[in-house]
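To start, the structure under review is shown below, and the notes come after it.
2 protein chains.
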Amino acid sequence: MSQETPVVPPTPRALEESFPRSHKIQVEVEHGAARLRVPMRRIHLDGDAPPLDVYDTTGPQGCDPREGLPPLREPWIRERRKSSDGNLSQMHYARRGVVTEEMTYAAAREGVSPEFVRAEIARGRAILPANVKHPELEPMLIGRNFLVKINANIGNSAVSSSIEEEVEKLQWAIRWGSDTIMDLSTGSDIHATREWILRNSPVPVGTVPIYQALEKVDGRIEELSLELFLETLEEQAEQGVDYFTIHAGVLLRYVPLTAKRLTGIVSRGGSILAKWCLAHHEENFLYTGFEEICKLMKRYDVSFSLGDGLRPGSIADANDEAQFAELETLGELTRIAWEHDVQVMIEGPGHVPMHLIKENMDKQLEACQEAPFYTLGPLTTDVAPGYDHITSAIGAAMIGWYGTAMLCYVTPKEHLGLPNKKDVKDGVIAYKIAAHAADLAKGHRGAQERDDALSKARFEFRWEDQFNLSLDPETAREFHDETLPAEGAKTAHFCSMCGPQFCSMKITEDVREYARTKGVTAEEALEEGMREKSEEFLETGGEVYRP
Amino acid sequence: MSQETPVVPPTPRALEESFPRSHKIQVEVEHGAARLRVPMRRIHLDGDAPPLDVYDTTGPQGCDPREGLPPLREPWIRERRKSSDGNLSQMHYARRGVVTEEMTYAAAREGVSPEFVRAEIARGRAILPANVKHPELEPMLIGRNFLVKINANIGNSAVSSSIEEEVEKLQWAIRWGSDTIMDLSTGSDIHATREWILRNSPVPVGTVPIYQALEKVDGRIEELSLELFLETLEEQAEQGVDYFTIHAGVLLRYVPLTAKRLTGIVSRGGSILAKWCLAHHEENFLYTGFEEICKLMKRYDVSFSLGDGLRPGSIADANDEAQFAELETLGELTRIAWEHDVQVMIEGPGHVPMHLIKENMDKQLEACQEAPFYTLGPLTTDVAPGYDHITSAIGAAMIGWYGTAMLCYVTPKEHLGLPNKKDVKDGVIAYKIAAHAADLAKGHRGAQERDDALSKARFEFRWEDQFNLSLDPETAREFHDETLPAEGAKTAHFCSMCGPQFCSMKITEDVREYARTKGVTAEEALEEGMREKSEEFLETGGEVYRP
Chain A
1 MSQETPVVPP
11 TPRALEESFP
21 RSHKIQVEVE
31 HGAARLRVPM
41 RRIHLDGDAP
51 PLDVYDTTGP
61 QGCDPREGLP
71 PLREPWIRER
81 RKSSDGNLSQ
91 MHYARRGVVT
101 EEMTYAAARE
111 GVSPEFVRAE
121 IARGRAILPA
131 NVKHPELEPM
141 LIGRNFLVKI
151 NANIGNSAVS
161 SSIEEEVEKL
171 QWAIRWGSDT
181 IMDLSTGSDI
191 HATREWILRN
201 SPVPVGTVPI
211 YQALEKVDGR
221 IEELSLELFL
231 ETLEEQAEQG
241 VDYFTIHAGV
251 LLRYVPLTAK
261 RLTGIVSRGG
271 SILAKWCLAH
281 HEENFLYTGF
291 EEICKLMKRY
301 DVSFSLGDGL
311 RPGSIADAND
321 EAQFAELETL
331 GELTRIAWEH
341 DVQVMIEGPG
351 HVPMHLIKEN
361 MDKQLEACQE
371 APFYTLGPLT
381 TDVAPGYDHI
391 TSAIGAAMIG
401 WYGTAMLCYV
411 TPKEHLGLPN
421 KKDVKDGVIA
431 YKIAAHAADL
441 AKGHRGAQER
451 DDALSKARFE
461 FRWEDQFNLS
471 LDPETAREFH
481 DETLPAEGAK
491 TAHFCSMCGP
501 QFCSMKITED
511 VREYARTKGV
521 TAEEALEEGM
531 REKSEEFLET
541 GGEVYRP
Chain B
548 MSQETPVVPP
558 TPRALEESFP
568 RSHKIQVEVE
578 HGAARLRVPM
588 RRIHLDGDAP
598 PLDVYDTTGP
608 QGCDPREGLP
618 PLREPWIRER
628 RKSSDGNLSQ
638 MHYARRGVVT
648 EEMTYAAARE
658 GVSPEFVRAE
668 IARGRAILPA
678 NVKHPELEPM
688 LIGRNFLVKI
698 NANIGNSAVS
708 SSIEEEVEKL
718 QWAIRWGSDT
728 IMDLSTGSDI
738 HATREWILRN
748 SPVPVGTVPI
758 YQALEKVDGR
768 IEELSLELFL
778 ETLEEQAEQG
788 VDYFTIHAGV
798 LLRYVPLTAK
808 RLTGIVSRGG
818 SILAKWCLAH
828 HEENFLYTGF
838 EEICKLMKRY
848 DVSFSLGDGL
858 RPGSIADAND
868 EAQFAELETL
878 GELTRIAWEH
888 DVQVMIEGPG
898 HVPMHLIKEN
908 MDKQLEACQE
918 APFYTLGPLT
928 TDVAPGYDHI
938 TSAIGAAMIG
948 WYGTAMLCYV
958 TPKEHLGLPN
968 KKDVKDGVIA
978 YKIAAHAADL
988 AKGHRGAQER
998 DDALSKARFE
1008 FRWEDQFNLS
1018 LDPETAREFH
1028 DETLPAEGAK
1038 TAHFCSMCGP
1048 QFCSMKITED
1058 VREYARTKGV
1068 TAEEALEEGM
1078 REKSEEFLET
1088 GGEVYRP
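Now the structure itself:
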């Protein structure tokens, strides 16, 4: 990890500063004769309430960023290489009936059987992105029969940002729950930035290799070639990148379909390939060279994230001919990748009004034979720059419910500037909300436990538990304290919104108490028309709030 | 507007500080021999781009809050009183075939015919909340065949806040687009606070009168009575309140259905009535006295907002028996109100996971014969206190698409504390997003114009226009300037995210330019396979970015 200028990313804050009364636990699971240790975060609650264990993306804590994270998967990969036929992809093993350590590990995180995970990967309905050169990775799954995942984009540009900041953003994104990150860096430090990120990332890292390829030809798009591109892939695969966005579906004949659009081509990668096609009047070299790309990727187990270079950039352009033509081609490429046992997910839009969202999901499932969908938003309106984490969380939650496996976050800075740390957090939280709302709507096993635990804490005025069970305890506590700062207010049996007199939760307690102390259920009390009981209640329980 | 301590709400900032290059226009519309002047906000754009006129809720500008707003409707109401039969409701006129000034005015805001408005009100499918004692009101419509509206709750509590702050919040909420406001004040200054709000509100004002009734009996719920309640209604109707939330559907027999819930009764009004029912072992006096309430309300044209006192307070309690039992009763009460020609809307939940949202809408339309639905959120998950403007904007957008007429905002402080000015704005903007996304999904006439204008500005690098067309120009500009502060950056043909080299929008321009300069459409160029043209392009257009 050498480079010219010294890079010293700050050591991240202790986990407990962000999540009070949480600590990481390691769940032991069997894998053949071995035992794997799988991380969860345990949230301790007050009194008799049992602790709640939640999925954890934060990775090993307390490591020096200059050392990187411990290489968890190193022994598994070393062992596997001994009998490898040159294809190291999880799909390759899955199809031969082999349950890898990665599958067992990820199955434990999801609470399902390793065999189910194997079958989903073999079928192509889930991917387990895990480059063999990224041993620091904690294996995870992307597929619609698992928890909905989210991705955070980070990366510097020629205009702004440094390596230190990007490593810090990585740590910040996974702190709040990002399941993968994409390094979208451009500019001169691209290789070094990526190295720092990979060595410190417990989550899969994706990139868009065409950006670096373009740097290598000083931005002259027409000088791009398959050879240069493969060389770039090799460089990044060697570093350990887990998935590549590759815009192989931007075909020459689709480019003119975008000329009539309100906002043309808005994908960076898509526009680069479109311009290359026009300049050469030849078919996209990523399409014509797709088999060669597959051959490279299976040696490392890099997964495809087939890019939607022609995604709509505005409501006006949603679900148009260009977009769906490309999607068909992505389906064709999926079948080719699967012939090589290379894992595939499919990128999706973009800007789509609510009533057109489901069509995207349905067409994707059909065209791409249920390969996992990975969507950016979609944004459900164009009128709110500065709030596109919200315009898009709406679309993301819906498409997640419909079946999208991973949601690429959008920050408040979308369309306006590069996200800073606050924007990264705001984007991640908005997307954790969307993903969790989707898990609930899908009836995902266990998803509602956290909602129920939090609502129960709320109802019982366990303020600290309510904060600590939330996605962002710091903010919940801070907002509470703005209105009622005293410590005593956090044990009060009322809240700042209504004051003691109007507290509906307190009244419900009274209703229950009434039923309990009378030795009858409230239903019976009412059905039998026991007026005398209500008179007793008047005498003893007339005050809502008893200090 | 006399009271003991002097109240001097600050004069609000000039509209143009929030909306640069906007100014208010008055559109003249004919009403019989008269002409009405209906406000819109005109957004001026750069160069040849035509200005965009948008719906405007901000009311007359530059008034002294101590004087209140001018009484726009005063002459209309005075004239109408001359031949009144004692029922002044818009529904009463609509059903007799009369198009009122209010209907003409609101029709112009919506871009529909006054006759259509009349027919919708007569049918009960829309309401035009407009107390004859609130002449400052600018008439507007709530109904699912019109633009989706939003409501902002303000109001002090015993614990916090002052009259000045509440008037400021009103002005702030309508600045950012709130279509109605509800004054949920409790505590001692309740009458004076409401008076200040009404005299300064160009939008309908709603209240929950049971709160004030409870103040009158010093919080002793069991001492509430129909007489006291009617007295309170009269007091508030005289002040000019436009709609009352009345929890007449909380029946005695429904209360025990909530005992098994995770979070019991969470509506303040609902819990007060539930406790009253238990204490007296009698039916809810709002239900038994409903006809008397109707008789009072039609004299002022106060609209019902039939409260959902048994709405679910958590995901676990969504769509349960208690909730839907109450909804059936609200349908029964709607029919009674309509017999009196009293306008009605129906309040809805609450906390509902995405897959259960549509059932709420479908049942409401059926049970309440298409009376407008007015929902709080719904929140689609319980796990994100501090971000419930987002958890609920997801549900609000969806239910708006399905047919809800007005969305009650939820602020980031929900469940935690009272909203301050920033929270009010955050809540309003999140809900403007939800409402607009719903309008787009419903294919509402003209809704997409603003999206298209903004996306075109974005694509053409008209940064100022992009900011000014957005829901919140200040924030959009501020976010842009964080990355690229120089003034020159706002005329630059690239943005801070990608820098000049990677700008996809610039590349699309090149694609179009290519087609244009060659005198052929891009399609023809490609279909005819004119390789020489692509060679020319290479020579002349190789650089993406020409300064």
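Respectively, the protein sequence lines represent chains A and B. Heads up, the first sequence is in this note's numbering, so the first residue is 1 and it goes up one at a time. Heads up, the second sequence is in this note's numbering, so the first residue is 548 and it goes up one at a time. Note that CB positions come from ideal geometry on N, CA and C, so glycine has one too.
Check: Look at the alpha carbon of A/P385 and the alpha carbon of B/W948, and state the distance between them as a whole number of angstroms.; Outcome: 22 Å
Check: Would you tell me roughly how many angstroms separate the C-alpha atoms of B/G950 and B/A985, rounded to the nearest one?; Outcome: 9 Å
Check: A/R123 by DSSP, collapsed to three states: which one?; Outcome: helix
Check: Kindly list, in the order they appear in chain A, the residues whose Cβ is closer than 7 Å to that of B/D929.; Outcome: D451, L454, S455
Check: Taking 8 Å as the limit between beta carbons, can you name the residues of its chain near A/L228, skipping five residues before and five after?; Outcome: A213, K216, V217
Check: Using the Cα positions of B/R1024 and B/L833, report the straight-line distance between them to the nearest angstrom.; Outcome: 50 Å
Check: Can you give, in chain order, each stretch of the beta strand (DSSP E) that sits fully within the segment 726-783 of chain B and has at least 3 residues?; Outcome: 727-730, 752-754
Check: Say the cut is 6 Å; is the CB of B/R620 nearer than that to a heavy atom of the ligand ADP?; Outcome: No copy of the ligand ADP appears in this structure; indeed no ligand is present at all.
Check: Pick from A/E509, A/D426, A/Y55, A/T483: whose alpha carbon is nearest that of A/E460?; Outcome: A/E509
Check: Taking contact to mean 3 or more Cβ pairs, one atom from each stretch, closer than 8 Å, check whether the segment 35-47 of chain A and the segment 110-118 of chain A are in contact.; Outcome: no
Check: Fully enclosed by the segment 908-932 of chain B, which beta strand (DSSP E) runs are 3 residues long or longer?; Outcome: 920-923
Check: When the distance is taken between beta carbons, is B/K696 closer than 7 Å to B/D726?; Outcome: yes
Check: List the residues of chain A that B/A760 touches, going by C-beta distances under 8 Å, in chain order.; Outcome: The contacting residues do not exist; B/A760 stays about 12 Å from chain A at best.
Check: What ranges does the alpha helix (DSSP H) occupy inside the segment 245-328 of chain A, keeping only unbroken runs of at least 4 residues that lie completely in it?; Outcome: 268-280, 285-288, 290-300
Check: If you draw a straight line from the C-alpha of A/W176 to the C-alpha of A/V241, how long is it?; Outcome: 22 Å
Check: Out of curiosity, what's the CA-to-CA distance linking B/A1072 and A/L306?; Outcome: At B/A1072, the pLDDT of 48 sits below 50, so the modelled position is not reliable; the number obtained from the coordinates is stated separately. Between B/A1072 and A/L306, the C-alpha separation is close to 28 Å.
Check: Let me check understanding here. Comparing Cα to Cα, which of B/R625, B/A655, B/E683 lies closest to B/P612?; Outcome: B/E683
Check: Mind pulling the chain A residues with CB within less than 7 Å of B/T1022?; Outcome: G386
Check: Could you please tell me which residues of the segment 41-53 of chain A, in chain order, have their CB closer than 8 Å to any CB of chain B?; Outcome: none
Check: If B/V930 and B/W719 are in contact, beta carbons under 8 Å, what's the gap, nearest whole angstrom?; Outcome: In fact, because the Cβ distance is near 29 Å, the residues do not count as touching under 8 Å.
Check: Please confirm if the segment 324-334 of chain A is in contact with the segment 247-256 of chain A, defined as three or more CB-CB distances below 8 Å between the two stretches.; Outcome: yes
Check: Is the segment 130-144 of chain A touching the segment 204-212 of chain A, taking contact as three or more C-beta pairs under 8 Å?; Outcome: yes
Check: Could you give the DSSP three-state label for B/M953: helix, strand or coil?; Outcome: strand
Check: Once you ignore the five residues that flank A/L230 on each side, which residues in its own chain have a CB closer than 8 Å to its CB?; Outcome: G289, E292, I293, L296
Check: For B/H887, name the three-state secondary structure that DSSP assigns.; Outcome: coil
Check: Going along chain A in order, which residues have a C-beta closer than 7 Å to the C-beta of B/Q1013?; Outcome: P385
Check: I need the boundaries of the alpha helix (DSSP H) containing B/N986, first residue and last residue.; Outcome: Reading the sequence as shown, one finds Asp at residue 986 of chain B and not Asn. Per DSSP, B/D986 belongs to the alpha helix (DSSP H) from 968-988.
Check: Cα separation between A/A274 and A/G313?; Outcome: 15 Å
Check: Comparing C-alpha positions only, which one of B/E1011, B/K1003, B/I572 sits nearest to A/I265?; Outcome: B/K1003
Check: Strictly below 8 Å CB to CB, what residues from chain B border A/D472?; Outcome: A931, G933, Y934
Check: Bridge partners of B/M892, per DSSP?; Outcome: B/S852
Check: Could you check if A/R311 is buried or exposed, using at least 16 other CB atoms within 10 Å of its CB as the buried criterion?; Outcome: buried
Check: Since A/Q26 is in the alpha helix (DSSP H), which residue starts that stretch and which ends it?; Outcome: Segment 22-31 is the beta strand (DSSP E) holding A/Q26; no alpha helix (DSSP H) there.
Check: Under the rule that 16 or more other beta-carbon atoms within 10 Å means buried, what is A/S83, buried or exposed?; Outcome: exposed
Check: Rounded to the nearest angstrom, what separates B/Y602 and A/K260 at their Cα positions?; Outcome: 30 Å
Check: Which residues mark the beginning and the end of the alpha helix (DSSP H) in which B/K716 is found?; Outcome: 710-722
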